Amino acid sequence: MRTQASILHLDLDAFFAAVEQRDKPSLRGKPVVVGGLSGRGVVSTASYEARRFGVHSAMPMHEARRLCPHAAFLSGRFGAYRLASRAVMSVLHQLSPLVEPMSLDEAYVDLVAGGWTDFSLAGLADLAQAVRAEVAEQSGGLTASVGLGSSKFIAKLASEEAKPDGWLVVEPGTERDRIGPLPVRSLPGVGPATAERLQHLGLRTVADLRAARPGELRRELGPGVATMLEHLALAEDDRPVTADRAVKSISVEDTFLVDQTDVGALEPLVRYDAAVVGRRLRRAGHFARTITVKLKLADFSGHTRSRSLIGAVDADETIAQVAVELLRGQAGLVRQGVRLVGVGVSGFTDVAQEALFEVVAAGRDESYVDTVRPAVWDQPTYRPGDDVTHATWGPGWVWGSGRDKVTVRFETATTGPGPVRTFDLADEALQPTPVRLPDDDRDTDSTVITGPGWAEGDEDSMV
DNA sequence: TCTGGGGTCCTAGGACCC
DNA sequence: TCTGGGGTCCTAGGACCC
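Here the first sequence is numbered in the working numbering, starting from 29 and rising by one per residue.
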């Protein structure tokens, strides 16, 4: 817990709507609503003029139209928002190298890391006003609210209280008194579900939370959430300001105008989404090992299916193939009616690690796996017993496989009976080795499975 | 015409390995 | 043949945030 109000939180006011009003003078002073305009869209941002009519973020767009029919309804220009955001963030970077953007319109700044030393009320007041002025200057007139406090939680609370177009310093030492009367919902990490459970325990305010019987929170919310809330209720928040947080997943999703029930009709979309994801993945310079397909049903329940490949990939086609298979595996759910489908990737590495085999389905007794296929997707699928002599992956045939192992029998019509060898799929010996086949007049590269010592044969058992 | 799209983090169970 | 604990990875779901 810091003893000085050394964390700054900046939040642009009604950001998307404000950029629209900045760029289109005719919209100034009028209600503006930015969000999804199609049937199932929701509001991203409402200008303060629109908020007066009850319009707010996350509200279904049709309701916003009902409440404020004369507003300007816009779908958003993210290029413009990104540009404005960049200008604002660069203002913050002049304060400190430790700037943590939470979104296009919001960031924390660690003033200690920036060498700031004057934490007097007057000093921080000057700082807040200078930052807001510079943000307006650099962004073409956007207004920002600034909060300063001894933690992220308190700094954000301060900027919220200052909104719109204001600033507030919460003096260290006054935090607990300030947050006591607030509803539990104002604690970070308390959303609708947790608030409901707390309500059930008769806990409505932060002060109620503090007075909760020991063990009560633990039973209702689990040790993790309970501990976090106990600390936050006392204004104890040690979360550091972290610059350059690495991206951990990339995803794309689409909500349909009308619920869909036909898997086949969804496949082209899933393939397209896979390509969008693939392009973003490559642009980020990453490879991904896990591919996920997400469905949301008519009843709003969410369902995901994911598969981790042996190696990391970034090709559209590979992502698409896996995604389509995962989708097909969910045909039963799709028939119930889906409102949303999404494709995502995660498990990033910075090098490609396409491996030879992908274990697909467990055998009935789970002692072996009955389908093995190359993780390079234009190659055929092999099952134990399949002859791979004539495949580019020869020579030999797949004998069996466990979860992380594949057993190959090195035997072809010309070589005669050969040894059986089990490889760990991570085994270097299983990684593709390009070779030119002697009789290959098409002059294409092929791959041979080799294993250290396989010529002696060995008694590696099937897994 | 109820309820977007992009993320992060946590939990819990099972497999698997040592 | 029975027995155990810890650590890690994978999958699925859910809560939350902006």
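No residue lacks a Cβ here, since even glycine has one placed at the ideal position from N, Cα and C.
Source: prediction; values computed, not measured.
Less than 8 Å between the beta carbons of A240 and L231, yes or no?
Going by C-beta atoms, A240 is nearer than 8 Å to L231.
At which residues does the alpha helix (DSSP H) containing S113 begin and terminate?
First-last of the alpha helix (DSSP H) with S113: 106–121.
Who are the Cβ neighbours of R50 in its own chain at under 7 Å, not counting the five residues just before and after it?
The residues are G168, G169, L170.
From the DSSP secondary-structure annotation, give me the bridge partner or partners of W195.
Answer is V174, bridged to W195.
Determine the extent of the beta strand (DSSP E) in which V83 is found, giving its start and end residues.
No beta strand (DSSP E) contains V83, which DSSP labels as neither H nor E.
If you follow the beta strand (DSSP E) that D287 is part of, which residue opens it and which one closes it?
Per DSSP, D287 belongs to the beta strand (DSSP E) from 277–288.
Output the distance between the C-alpha atoms of V373 and R317, rounded to the nearest integer angstrom.
So the alpha carbons of these two residues sit roughly 7 Å apart.
Measure the alpha-carbon distance for A141 versus S124 and round it to whole angstroms.
Roughly 6 Å between the two C-alpha positions.
Within the continuous beta strand (DSSP E) that includes S72, where are the two ends?
First-last of the beta strand (DSSP E) with S72: 71–74.
Taking the Cβ atom as the reference point for each residue, do R356 and T289 lie within a distance shorter than 8 Å?
No, the Cβ-Cβ distance between R356 and T289 is not below 8 Å.
For S334, which residues does DSSP report across the bridge?
Bridge partners of S334: T320.
On the premise that V298 lies in contact with V371, defined as a C-beta separation below 8 Å, what is that separation, rounded to the nearest angstrom?
Right, their Cβ atoms sit about 6 Å apart.
Determine the extent of the alpha helix (DSSP H) in which S187 is found, giving its start and end residues.
Where S187 is concerned, the enclosing alpha helix (DSSP H) stretches over 180–190.
Would L257 pass as a contact of L229 if the rule is Cβ separation under 8 Å?
Not a contact, by the Cβ cut-off of 8 Å.
Check each candidate in S72, R308, D205 and name the one with the smallest Cα separation from S279.
S279 has its Cα closest to that of R308, out of S72, R308, D205.
Looking at the structure shown, is T233 part of a helix, part of a strand, or coil, going by DSSP?
Here T233 sits in strand by DSSP.
Taking a contact to mean a Cβ-Cβ separation below 8 Å, would you say A343 touches G375 in this structure?
No, Cβ-Cβ distance for A343 and G375 is not below 8 Å.
Name the DSSP bridge partner or partners of A100?
DSSP, once it has assigned bridges, lists V60 as partnering A100.
Y136 bridges to which residues according to DSSP?
H37, E128.
When you compare only the Cα positions, how much space is there between G250 and R213?
Approximately 18 Å between the Cα atoms of the pair.
So, do the segment 88–107 and the segment 44–61 have three or more beta carbon pairs nearer to each other than 8 Å?
Segments in contact, yes.
DSSP three-state label for R273, please.
Looking at R273 - three-state DSSP - the assignment turns out to be coil, as it is neither helix nor strand.
May I have the straight-line CA-CA distance separating A186 from L354, to the nearest angstrom?
When rounded, the distance between both Cα atoms is 45 Å.
Measuring straight from C-alpha to C-alpha, what distance separates V341 and E295?
Each residue's Cα considered, the two are about 20 Å apart.
Hey, could you find the ends of the beta strand (DSSP E) R367 is sitting in?
Residues 366–377.
Would you tell me roughly how many angstroms separate the C-alpha atoms of S131 and V116, rounded to the nearest one?
Cα-Cα distance, rounded: 12 Å.
Tell me the residue span of the alpha helix (DSSP H) that contains S167.
Looking at the DSSP string, the run of the alpha helix (DSSP H) that includes S167 is 149–167.
Out of curiosity, what's the CA-to-CA distance linking D265 and H37?
Approximately 14 Å, taken between the alpha carbons.
Classify A263 as helix, strand or coil using the three-state DSSP reduction.
Coil, per DSSP.
Check the DSSP bridge columns for V341 and list the partner residues they point to.
Answer is A316.
Looking at C-alpha atoms only, which residue of G57, E77, P53, H90 is the closest neighbour of V70?
Selected option, being the one with the closest Cα: H90.
Just the C-alpha distance for G57 and E77, rounded to the nearest angstrom, thanks.
Computed Cα separation, rounded: 7 Å.
Taking the beta carbon of S175 as the centre, do at least 16 other beta carbons fall within 10 Å, making it buried, or is it exposed?
Reading off the sequence shown, one finds Gly at residue 175, where the question assumed Ser. Counting Cβ neighbours within 10 Å, G175 comes out buried, since at least 16 surround it.
Could you give the distance in angstroms between the alpha-carbon of A190 and the alpha-carbon of D39?
The straight-line gap from Cα to Cα measures roughly 10 Å.
Could you check where the alpha helix (DSSP H) with Q227 kicks off and where it finishes?
220–228 is the span of the alpha helix (DSSP H), which, as asked, contains Q227.
Measure the Cβ-Cβ separation of T233 and L210 and say whether it is below 8 Å.
Yes, Cβ-Cβ distance for T233 and L210 is below 8 Å.
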